[in-house]
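Structure record follows, encoded as structure tokens.
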Amino acid sequence: MNMMHEGITAAWALLVLVFMLVCIVRLFAENSASGIASPQSKSHPGLGITACFRRFMQSMMASPRLLLAGKLFCVALFLLVIATGLYGTPIPERNLAPVLTWTLWWTLLIFSILFFGSGWCAVCPWDALATWLVRWRLWRRGSGRGSLNLRLPVKLRTIWAAVIMLIGLSWLELGLGITLDPYATACMALLILFLAVAFQALFERKAFCRYVCPVGRTIGFYALLVPAELKPRKQSVCDGCKTLECNRGTSDIAPCPTSLVMGRMSQSSYCVSCGNCVQSCPNGNIEWGSRRFAVLDRYQLQPSEACFMLALLAMTSLHGLSMTARWDVWISAMASMIGDSGMLLGTFSLGLAVSIIVPLLLYGAAVFLMLRLQPTLSFGALFSGMAYAVLPLAFAYHLAHNLVHLLREVASIRDVVLNPFGEGALPLSMMEKHMRMSSLPIPEWLLFSLQAGLMMFGFWVALRILQQRMEVLQSGNLSRQRRVMWPMVCFIVIASGFNLWLLTQPMIMRM
5 MNMMHEGITA AWALLVLVFM LVCIVRLFAE NSASGIASPQ SKSHPGLGIT ACFRRFMQSM
65 MASPRLLLAG KLFCVALFLL VIATGLYGTP IPERNLAPVL TWTLWWTLLI FSILFFGSGW
125 CAVCPWDALA TWLVRWRLWR RGSGRGSLNL RLPVKLRTIW AAVIMLIGLS WLELGLGITL
185 DPYATACMAL LILFLAVAFQ ALFERKAFCR YVCPVGRTIG FYALLVPAEL KPRKQSVCDG
245 CKTLECNRGT SDIAPCPTSL VMGRMSQSSY CVSCGNCVQS CPNGNIEWGS RRFAVLDRYQ
305 LQPSEACFML ALLAMTSLHG LSMTARWDVW ISAMASMIGD SGMLLGTFSL GLAVSIIVPL
365 LLYGAAVFLM LRLQPTLSFG ALFSGMAYAV LPLAFAYHLA HNLVHLLREV ASIRDVVLNP
425 FGEGALPLSM MEKHMRMSSL PIPEWLLFSL QAGLMMFGFW VALRILQQRM EVLQSGNLSR
485 QRRVMWPMVC FIVIASGFNL WLLTQPMIMR M
């Protein structure tokens, strides 16, 4: 028997729907894109990060010792996860590996983006261990003797590999159920470490971080919605720089791991907040500061980047859907139709494919209809340009979904910290599961209001991004822009409505 989390009430869902309707009416009633910052603005009004977080991140980026301390702490936790996963109890709720990885780390990681952007990448244990093993230095610039330092072929400088990794990890998580298998969780962590080491040993800089890592790409794209990043204090100083230490490094500081030039960055999603540019800049011109939303930039996405954003939307929705009772009913019916049995991996793979194809077809249909309404635009430009509007939908639902895990399931952390290997522990009884599920640290109405608020904010941001992208792709007659936007507005409504419906459904407790 599975324990179920209650979904948000119909009243909260109705409030979100009313808000969505009001946003659409206002969108088409406005005379201009007055609700968003213009592409030339330097900051997003009212959304500057707090001085506390700004000072913390600036201090962290500027101090090799603080960065090393953060890396050592995360590596220690990573090695503990490996040890407990390989040698601890197979009972998932009594083993530190799955509880720390799936309930705490993955949940908090998404929330950390709101405050620290891509700050997690600065202390990532996979990258830290790979760098130490290949470059032979704990900090400062290591030797290149452990790497072939090959240039990644131009044709591979896309993130198609990250798209495949994102879908593949979702298949492992939901299909094979590695979230409930401590040993498999440890093996997955070791597999990613192997890939990180292999890429550092073969290619120059950190090709794995930029082109392959699904966690890093997820963080990087979500961070575009956060009004904070590493940026120049004065653009004029960067414009006059000829030595480009931020990109090339110095004798002591390693070069930018993802080959960025601070003063010429057209898009910051590939910044891993390593701090190399802050430490190497001879003018001290780089700071962690506030900005406007990077999704309002004029940067045109590559097809692989657009598809990654669509895959994020599909995978976040699939995670929610797979935790509902309806999913089990649908999977069982599908298995009976195709004659699948056992672990139903074939059936799940089919369901995974459908969950990707359906939103992709709906999005493609919206782009096609927009193209019919405005034939002067190209399908490729519209397909890539409009994908920015998908990002806040995925991020908002991801946060709302993870909020349930964080507040309802985090109570298990205390027990596994005291007994990480689960020695002598027994599975949770139904009474223990019920008590853990019902012991919310905040009132339930507050949880529902936070989830509803996230969904409303994601929908509002998506419409504003859509409006701005239309101005970038097609300047001119405002009434024509509104007419061309309608198909994509419908897609945003469908995607948001589906995710809102998921939040109303009772959710099966993970462990």
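Counted the way my numbering counts, the sequence shown spans residues 5 to 515.
Yeah, the Cβ is synthetic: ideal placement off N, Cα and C, and Gly gets one too.
- Ranked by Cα distance from VAL158, the first of TYR274, ALA17, LEU450 and TYR215 is TYR215.
- The residue among LEU348, PRO491 and ALA193 with its C-alpha nearest the C-alpha of GLN378 is PRO491.
- Looking at the backbone, the Cα of ARG141 and that of LEU72 are separated by about 11 Å.
- For CYS125, the closest alpha carbon among the candidates ASN289, SER359, SER453 and ALA200 is that of ALA200.
- Annotated three-state conformation of GLY293 is strand, per DSSP.
- For the set LEU156, GLY267 and TYR187, the Cα lying nearest the Cα of THR247 is the one of GLY267.
- Between ARG58 and GLY293, the C-beta spacing is below 8 Å.
- PRO102 and THR13 do not touch by the CB rule: their CB atoms are close to 31 Å apart, not below 8 Å.
- Judged by DSSP in its simplified three-state form, LEU154 adopts strand.
- In the DSSP annotation of this structure, ALA232 is not part of any alpha helix (DSSP H); the continuous beta strand (DSSP E) holding it starts and ends at 232 to 236.
- Apart from sequence neighbours up to five positions away, the residues of its chain that approach ILE182 with a beta-carbon distance below 7 Å are LEU176, ALA188, THR189 and MET192, ordered along the chain.
- For ILE360, the uninterrupted alpha helix (DSSP H) run begins and ends at 349 to 377, by DSSP.
- Three or more beta-carbon pairs separated by less than 8 Å link the segment 324 to 337 to the segment 506 to 515, which places the two stretches in contact.
- In summary, ALA166 is buried, with 16 or more beta-carbon neighbours lying within 10 Å of its beta-carbon over all protein chains present.
- Pairing CYS250 with CYS285, the inter-Cα distance amounts to about 6 Å.
- The secondary-structure analysis by DSSP pairs HIS9 across a beta bridge with MET511.
- The Cβ neighbour count for GLN283, taken over all protein chains shown within 10 Å, is at least 16; the residue is labelled buried.
- Apart from sequence neighbours up to five positions away, the residues of its chain that approach LEU133 with a beta-carbon distance below 7 Å are VAL79 and LEU197, ordered along the chain.
- By the 16-neighbour rule on beta-carbons within 10 angstroms, TRP106 is buried.
- In the three-state reduction of the DSSP assignment, THR380 falls in the coil class, being assigned neither a helical nor a strand state.
- Assignment of alpha helix (DSSP H) within the segment 225 to 286, counting only whole runs of 4 or more residues, yields 239 to 243, 249 to 252 and 280 to 284 in chain order.
- Shown here, THR111 sits in a helix according to DSSP, grouped into three states.
- Burial of ILE163 is indicated by the presence of at least 16 other C-beta atoms within 10 angstroms of its C-beta.
- In its chain, beyond the 5 residues on either side, LEU411, ARG412 and LEU451 have a beta carbon closer than 8 Å to the beta carbon of LEU444.
- Taken through DSSP and simplified to helix, strand or coil, PHE207 comes out as strand.
- Short of 7 Å from the beta carbon of ARG252, and not among the five residues preceding or following it, lie these beta carbons of its own chain, in chain order: PRO259.
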